[in-house]
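Structure, as structure tokens:
Chains as they are written, first to last, in the UniProt record's numbering: chain S, 1 to 282; chain P, 1 to 282.
In structure tokens, the structure reads:
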């Protein structure tokens, strides 16, 4: 099987690693406009060779794993270059604008819109790890628009990587993912900012930080090149979640100001229910 | 060595476990107004016997690990009951009001104000674990007000538990800890609330949640009985951090509304610096 990965970082690189393990006779070509990244990916054995868009003609599967603003530009080009039987999938954290960008492409049926709910706060080829996808969810959008035979190839890959599949329309995907993914990143980034600003004046503050702070702020290490375009493409939904989050924080602040600690207790007790829904996520 | 733990939960229970391992001939008495908790602690072998305040007379060390509102009431009572050579330490996440509560007590020199920067989001005796304190920081306040011989006992325990010690005044402690601990809890609780509220209307939203969300919202599982009194006692500092946090969130929101994604990128890039300060925290 001939795989091409366009954008060799954490997501594409980890997927290449797992496909190499799960299938026999896999050859992986890496396409990356950042030459350093491509070379690093080669050195790390994530890919077997460095290629260009014109090499996609003979690929069985092309994985497009670039920031979502780049996806919108590059996905059509990729489809222009691939063969009649090549499966193209993207892995972006937004789906509506990306699906929109190729909806009239003559090779639309070669494309599968996908979003793996997996990752770490790190990025680049050196962040790629084995088994990143095991036990995780792959969201697939507009499955009916992909050629049946190519769906089969995609699902065999996802299954061998240990993923469960959920089908959604792109609009619902972007709405829901704003709550359970995009908002967490903003919450962490601004927590990091608030504490860093304080640190400027008060030295040694981080000596007092424990595992709770580290966990809550972890996503503030994430790549701006990946996240800025996500917030842009999912602007409307992200603003909705952010408005609700700020409103809840203001209400919590009011309760403290009014010394209403009985209500504050209840608020936290109600939210403890998150225990049940987090079971099974790690 | 005779140890008494007043309030047998995650913090006191874990400390009892480690002291038993680190020292020979340790006997641990548990004092808890919740009989179920005390019995559970006995069943779990965190303590050797269930006792009462009057039994503290003969203890070498008393660890007061109760919610901070209870500390303020019970710490003076504990000091009333202990012997001349008993070390009493508390483990509360606020220090100014607790130190204030015993400043005129005739046995003030028996007391050491401490705060271990360690814990998990779980609570109760069943949450107690071995080695919770290894490699963690113990903040000690007003060390000069504790009898020298009792300081020595405390530092021997902390050292054997694998902790490093940092000295602070209670006022600075409460101010700094609001940033690196108390604010993270509010941020997580309100993130949990925002997403749970959405879930009421939109089923299955949590199927889409990944490890990033789980990490950011983890502290929302924390005990309201522990955290409501902390927010109350550290009201002023917590309100300050919360005001700054909400302001930063509003500014981030404005940048998205104004399509200023260049500045948004820079904001995130600046905050990526958190990577460096988080090194060594796990």
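Just so you know, even glycine gets a beta-carbon here, dropped at the ideal spot from N, CA and C.
Would you identify the three-state DSSP class for residue 61 of chain S, choosing helix, strand or coil?
Translated into positions along the first chain, residue 61 of chain S becomes position 61. If DSSP states are grouped into helix, strand and coil, residue 61 of chain S belongs with the strands.
Given this structure, state the Cα-to-Cα distance separating residue 3 of chain S from residue 155 of chain S, to the nearest angstrom.
Within the first chain, numbered from 1, the residue matching residue 3 of chain S stands at position 3. Within the first chain, numbered from 1, the residue matching residue 155 of chain S stands at position 155. Whole-angstrom Cα-Cα distance: 15 Å.
Pair every Cβ in the segment 210–225 of chain S with every Cβ in the segment 159–173 of chain P, then say whether three or more of these pairs are closer than 8 Å.
no
Indicate whether at least one CB of chain P lies closer than 8 Å to the CB of residue 170 of chain S.
Here residue 170 of chain S refers to the residue found at position 170 when the first chain is read from its first residue. With 8 Å as the cut-off, residue 170 of chain S does not count as an interface residue toward chain P.
Whose CA, out of S:22, S:44, S:28, lies closest to the CA of residue 6 of chain S?
In the first chain, residue 6 of chain S corresponds to position 6, counting from 1. Per the Cα distances, S:28.
Tell me the residue span of the alpha helix (DSSP H) that contains residue 182 of chain P.
In the second chain, the residue the question calls residue 182 of chain P occupies position 182. First-last for residue 182 of chain P: undefined, no H or E at that position.
Beta-carbon gap between residue 112 of chain P and residue 14 of chain P smaller than 8 Å:
Counted from its first residue, the second chain places residue 112 of chain P at position 112. Counted from its first residue, the second chain places residue 14 of chain P at position 14. Not a contact, by the Cβ cut-off of 8 Å.
Is the distance from the Cβ of residue 206 of chain P to the Cβ of residue 238 of chain S below 8 Å?
Against the second chain, residue 206 of chain P aligns to sequence position 206. Against the first chain, residue 238 of chain S aligns to sequence position 238. Taking 8 Å as the Cβ cut-off, residue 206 of chain P and residue 238 of chain S do not qualify as a contacting pair.
So what's residue 197 of chain P in DSSP terms, helix, strand or just coil?
As a working note, residue 197 of chain P is residue 197 in the second chain. Residue 197 of chain P: helix per DSSP, three-state reduction.
Hey, quick one: how far does the alpha helix (DSSP H) through residue 115 of chain S stretch, first residue to last?
For the purposes of this step, residue 115 of chain S is taken as residue 115 along the first chain, with counting starting at 1. Run containing residue 115 of chain S: none in the alpha helix (DSSP H); it sits in the beta strand (DSSP E), 111–116.
Can you tell which of S:171, S:198, S:217, S:278 has its C-alpha closest to the C-alpha of residue 303 of chain S?
Here chain S has residues from 1 to 282 only, and residue 303 of chain S is not among them.
When Cβ atoms are compared, which residues of the segment 243–265 of chain S fall closer than 8 Å to chain P?
243, 244, 245, 246, 248, 249, 250, 252, 253, 256, 257, 259, 261, 264, 265
Determine the extent of the beta strand (DSSP E) in which residue 30 of chain S is found, giving its start and end residues.
Position 30 of the first chain, counted from the first residue, corresponds to residue 30 of chain S. Residue 30 of chain S -> beta strand (DSSP E) spans 27–31.
Residue 125 of chain P and residue 44 of chain P - do their beta-carbons sit closer together than 8 Å?
To locate residue 44 of chain P, count along the second chain from 1; it is residue 44. To locate residue 125 of chain P, count along the second chain from 1; it is residue 125. Yes, they are a contact pair.
Could you name the residues of chain S that residue 163 of chain P contacts, counting a contact when the two beta carbons are closer than 9 Å?
Looking up residue 163 of chain P in the second chain gives position 163. Within chain S, no residue comes near residue 163 of chain P; the closest Cβ sits about 12 Å away, beyond 9 Å.
How about the segment 90–107 of chain P and the segment 249–256 of chain P: do they share at least three Cβ pairs that are nearer than 8 Å?
no
For residue 115 of chain S and residue 17 of chain S, what's the separation of their Cα atoms in angstroms?
Taking the first residue of the first chain as 1, we reach residue 115 of chain S at position 115. Taking the first residue of the first chain as 1, we reach residue 17 of chain S at position 17. Cα to Cα, residue 115 of chain S sits roughly 18 Å from residue 17 of chain S.
Just to confirm my understanding: we take residue 98 of chain S, look at its own chain, exclude 5 residues before and 5 after, and list those with CB closer than 7 Å. What are they?
Locating residue 98 of chain S in the first chain gives position 98, counting from the first residue. Only 68, 71, 72, 75, 90, 92, 113 meet the Cβ criterion.
State the start and end residues of the unbroken alpha helix (DSSP H) segment that holds residue 78 of chain P.
Sequence index remark: in the second chain, residue 78 of chain P carries index 78 (1-based). Residues 68–81.
Collapsed DSSP secondary structure at residue 90 of chain P in the structure displayed
Counting from 1 along the second chain, the entry for residue 90 of chain P is found at position 90. Reduced to three states, the DSSP call for residue 90 of chain P is strand.
I'd like the list of long-range same chain contacts for residue 33 of chain P, defined as Cβ closer than 6 Å, with 5 residues on each side in sequence excluded.
Position 33 of the second chain, counting from 1, holds the residue named residue 33 of chain P. Same-chain partners within the cutoff: there are none.
Who are the near neighbours of residue 226 of chain P in its chain, counting only those whose CB is closer than 6 Å to its CB and skipping five residues on each side?
Reading the second chain from its first residue, position 226 is the one you call residue 226 of chain P. Within the same chain, residue 226 of chain P has close Cβ partners 67.
Exposed unless 16 or more other CB atoms sit within 10 angstroms - verdict on residue 129 of chain P
The residue you call residue 129 of chain P lines up with position 129 of the second chain. Residue 129 of chain P should be labelled exposed.
Tell me whether residue 209 of chain S sits in a helix, a strand or coil according to DSSP, three-state version.
Your numbering for residue 209 of chain S matches position 209 in the first chain. It is coil, neither helix nor strand.
Taking 8 Å as the CB-CB cut-off, is residue 158 of chain S touching chain P?
To locate residue 158 of chain S, count along the first chain from 1; it is residue 158. Residue 158 of chain S does not count as touching chain P.
Could you check which residue in P:178, P:277, P:184, P:143 has the C-alpha nearest to that of residue 167 of chain P?
Indexing the second chain from 1 puts residue 167 of chain P at position 167. The shortest Cα separation from residue 167 of chain P among P:178, P:277, P:184, P:143 belongs to P:143.
So the alpha helix (DSSP H) residue 95 of chain P belongs to, where does it begin and stop?
Position 95 of the second chain holds residue 95 of chain P. Residue 95 of chain P -> no alpha helix (DSSP H), and no H or E assigned at all.
8 Å Cβ cutoff, residue 190 of chain S in contact with chain P
In the first chain, counting from the first residue as 1, residue 190 of chain S sits at position 190. True, the Cβ-Cβ gap to chain P drops below 8 Å.
Starting from residue 106 of chain P, follow the beta strand (DSSP E) in both directions and report where the run begins and ends.
Numbered from its first residue, the second chain carries residue 106 of chain P at position 106. Premise fails: residue 106 of chain P is in no beta strand (DSSP E) and is neither H nor E.
Under DSSP, the beta strand (DSSP E) around residue 165 of chain S begins and ends at which residues?
Residue 165 of chain S sits at position 165 when you count from the first residue of the first chain. Where residue 165 of chain S is concerned, the enclosing beta strand (DSSP E) stretches over 164–168.
Name, in chain order, the residues that DSSP records as bridge partners for residue 137 of chain P.
Counting from 1 along the second chain, the entry for residue 137 of chain P is found at position 137. DSSP lists P:164 as partners of residue 137 of chain P.
Taking the C-alpha atoms as reference points, what is the distance between residue 82 of chain P and residue 140 of chain P?
One-based indexing of the second chain puts residue 82 of chain P at position 82. One-based indexing of the second chain puts residue 140 of chain P at position 140. When rounded, the distance between both Cα atoms is 21 Å.
Note down, in chain order, every chain S residue with its Cβ under 7 Å from the Cβ of residue 97 of chain P.
By one-based count along the second chain, residue 97 of chain P stands at place 97. In chain order: nothing, as chain S lies at least about 14 Å away.
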